[in-house]
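Chains as they are written, first to last, in my numbering: chain A, 295 to 396; chain B, 295 to 396; chain C, 295 to 396; chain D, 295 to 396.
Protein chains: 4
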Amino acid sequence: MIVILDLCVVPLGVGVSVSKYVAACQVVFKDAGLSSHLHPYGTTIEGEWDSVLGAVKRCHEVIHEMGAPRISTTIKLGTRTDRQQTMADKVRSVEDLLAEGM
Amino acid sequence: MIVILDLCVVPLGVGVSVSKYVAACQVVFKDAGLSSHLHPYGTTIEGEWDSVLGAVKRCHEVIHEMGAPRISTTIKLGTRTDRQQTMADKVRSVEDLLAEGM
Amino acid sequence: MIVILDLCVVPLGVGVSVSKYVAACQVVFKDAGLSSHLHPYGTTIEGEWDSVLGAVKRCHEVIHEMGAPRISTTIKLGTRTDRQQTMADKVRSVEDLLAEGM
Amino acid sequence: MIVILDLCVVPLGVGVSVSKYVAACQVVFKDAGLSSHLHPYGTTIEGEWDSVLGAVKRCHEVIHEMGAPRISTTIKLGTRTDRQQTMADKVRSVEDLLAEGM
Numbered sequence: 295m296i297v298i299l300d301l302c303v304v305p306l307g308v309g310v311s312v313s314k315y316v317a318a319c320q321v322v323f324k325d326a327g328l329s330s331h332l333h334p335y336g337t338t339i340e341g342e343w344d345s346v347l348g349a350v351k352r353c354h355e356v357i358h359e360m361g362a363p364r365i366s367t368t369i370k371l372g373t374r375t376d377r378q379q380t381m382a383d384k385v386r387s388v389e390d391l392l393a394e395g396m
Numbered sequence: 295m296i297v298i299l300d301l302c303v304v305p306l307g308v309g310v311s312v313s314k315y316v317a318a319c320q321v322v323f324k325d326a327g328l329s330s331h332l333h334p335y336g337t338t339i340e341g342e343w344d345s346v347l348g349a350v351k352r353c354h355e356v357i358h359e360m361g362a363p364r365i366s367t368t369i370k371l372g373t374r375t376d377r378q379q380t381m382a383d384k385v386r387s388v389e390d391l392l393a394e395g396m
Numbered sequence: 295m296i297v298i299l300d301l302c303v304v305p306l307g308v309g310v311s312v313s314k315y316v317a318a319c320q321v322v323f324k325d326a327g328l329s330s331h332l333h334p335y336g337t338t339i340e341g342e343w344d345s346v347l348g349a350v351k352r353c354h355e356v357i358h359e360m361g362a363p364r365i366s367t368t369i370k371l372g373t374r375t376d377r378q379q380t381m382a383d384k385v386r387s388v389e390d391l392l393a394e395g396m
Numbered sequence: 295m296i297v298i299l300d301l302c303v304v305p306l307g308v309g310v311s312v313s314k315y316v317a318a319c320q321v322v323f324k325d326a327g328l329s330s331h332l333h334p335y336g337t338t339i340e341g342e343w344d345s346v347l348g349a350v351k352r353c354h355e356v357i358h359e360m361g362a363p364r365i366s367t368t369i370k371l372g373t374r375t376d377r378q379q380t381m382a383d384k385v386r387s388v389e390d391l392l393a394e395g396m
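The following block contains the structure:
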């Protein structure tokens, strides 16, 4: 089961800056061989369910190891059985409609 | 790693009513032996990371088997290393403050 | 336009405990005359769009006034034009299905 | 109060394709003069709270007018009083850390 997943991690108890924890997650995704897309409010990754969710678990482990005692995470994820669709497809289908003047 | 997870599944391509899919997820949680709390905008479950996330995967499988070709899911989840906290603790700590007049 | 909205506020830069900020939001909802339901991973409120979203804005203002320099919030919200549905209806429709043995 | 908001709208009762509704929201943001960033799992916009949340309301109105009887939306939003930060700043601060080898 292929999943596209959007991850936003918020470590608590470590001040207001979260960028180094987000950067650490990028390394986790890269090490897991997952394609990822960093955007202003999270990171979108895609792949097999177990690989993707395994990487999310690893992010929590790494952020705790970095010293954050609490993490609050928001995830959006989608699966579909009707057809395959990549992260890039999702953006392109919207951009195509806009280019056609809707 | 204990996780408290809030799950909101939205099946697409099967009309506007989602209640039977949400009900099927309650059965998944019960079968997995996970304590769960159904609320107006999702279900909160708690337990070991792998058990909880395994149940979420099973929900997606079950909803697809029920005929939904696409599922859009929103998850909030929290882990902490400083202390143990249950779903009930989270509600109680807020209610205690309100009872004290804040 | 009636909206059912699920709110989860996470103040940053004020340590790991968020309960007093969540409690302050309950007071905001009560003062706004909005019915609300506190659950383990947020608070669900319902009402007219402008009243509900106005209360969410007020929550951010109050939490900043309490000293939190940064707030990360997750919201799920739903509107529908086909029929009216309350927070209680949403839970009941799932519970009815479960009581019928699905 | 400046807000950075990530919006993901899911119309129900109109089949599995959501791209034309997402495209309609891009037009709403443009008409409102808001800078926006389309990514694989939503659109991030930034601006004054009332302008941004007003645009979100307008998106719901437009999607209902396009025929969707029900909309399920997920929003992440952030405000901060300690300093100004744009959508671009958020991405850049993570990329800078990665470029430095963390």
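Heads up, the beta-carbon is just placed ideally off N, CA and C, and yes, glycines get one too.
Next item on the list: Report yes or no: is there a C-beta of chain B within less than 8 Å of the C-beta of D:Pro334?
Entry: Interface criterion not met: the Cβ of D:Pro334 is under 8 Å from no Cβ in chain B.
Notebook entry, point to check: If you measure from the beta carbon of B:Arg352 to each beta carbon in chain A, is any gap under 8 Å?
Noted result: no
Margin query: Can you give me the C-alpha to C-alpha distance between D:Ala382 and D:Val297, rounded to a whole angstrom?
Written below: 13 Å
Note to self: I believe C:His331 touches B:His333 by the beta-carbon criterion, under 8 Å. Please report the beta-carbon distance rounded to the nearest angstrom.
What the structure shows: 7 Å
Check: Does any C-beta atom of chain B lie closer than 8 Å to the C-beta of D:Gly372?
Finding: no
Check: Count the other CB atoms within 10 Å of the CB of D:Ser366; is the residue buried (16 or more) or exposed (fewer)?
Finding: buried
Checklist line | C:Asp325 burial status per 10 Å Cβ neighbour count (16 or more: buried) | finding: Exposure of C:Asp325 is indicated by the presence of fewer than 16 other C-beta atoms within 10 angstroms of its C-beta.
Checklist line | Separation of D:Val356 from D:Ser345, as counted between CA atoms | finding: 16 Å
Next item on the list: At 7 Å on the CB atoms, spell out the chain D contacts of B:Thr368, in chain order.
Entry: Thr368
Note to self: With the cut-off set at 8 Å, would you say C:Gly341 and A:Val310 are in Cβ contact?
What the structure shows: Against a cut-off of 8 Å, the Cβ pair of A:Val310 and C:Gly341 comes out as no contact.
Checklist line | Extent of the continuous alpha helix (DSSP H) run through C:Arg352 | finding: 343-359
Check: So what does DSSP say about D:Glu389, is it helix, strand or coil?
Finding: helix
Next item on the list: Helix, strand or coil for D:Asp300, going by three-state DSSP, please let me know.
Entry: strand
Check: Taking 8 Å as the CB-CB limit, is A:Gln320 close to chain D?
Finding: yes
Item checked: Proximity winner among D:Glu389, D:Met295, D:Thr380, relative to D:Ile339 (alpha-carbon distances) -> Measuring from the Cα of D:Ile339, the nearest candidate turns out to be D:Thr380.
Notebook entry, point to check: Quick one: Cα of B:Gly327 to Cα of B:Asp376, how far?
Noted result: 25 Å
Next item on the list: Assign C:Gly372 to one of two classes, buried (16 or more other C-beta atoms within 10 Å of its C-beta) or exposed (fewer than that).
Entry: Buried, because 16 or more other Cβ atoms sit within 10 Å of the Cβ of C:Gly372.
Margin query: In this structure, how does DSSP classify C:Ser311 when only helix, strand and coil are distinguished?
Written below: Note: C:Ser311 maps to coil in three-state DSSP.
Margin query: Cβ closer than 8 Å: which chain A residues qualify as neighbours of D:His331?
Written below: His333, Pro334
Notebook entry, point to check: Looking only at C-alpha atoms, which of B:Cys302, B:Arg386, B:Ala317 sits nearest to B:Met360?
Noted result: B:Ala317
Notebook entry, point to check: So, is the C-beta of B:Arg377 closer than 8 Å to a C-beta in chain D?
Noted result: Contact of B:Arg377 with chain D is not assigned, every C-beta pair being separated by 8 Å or more.
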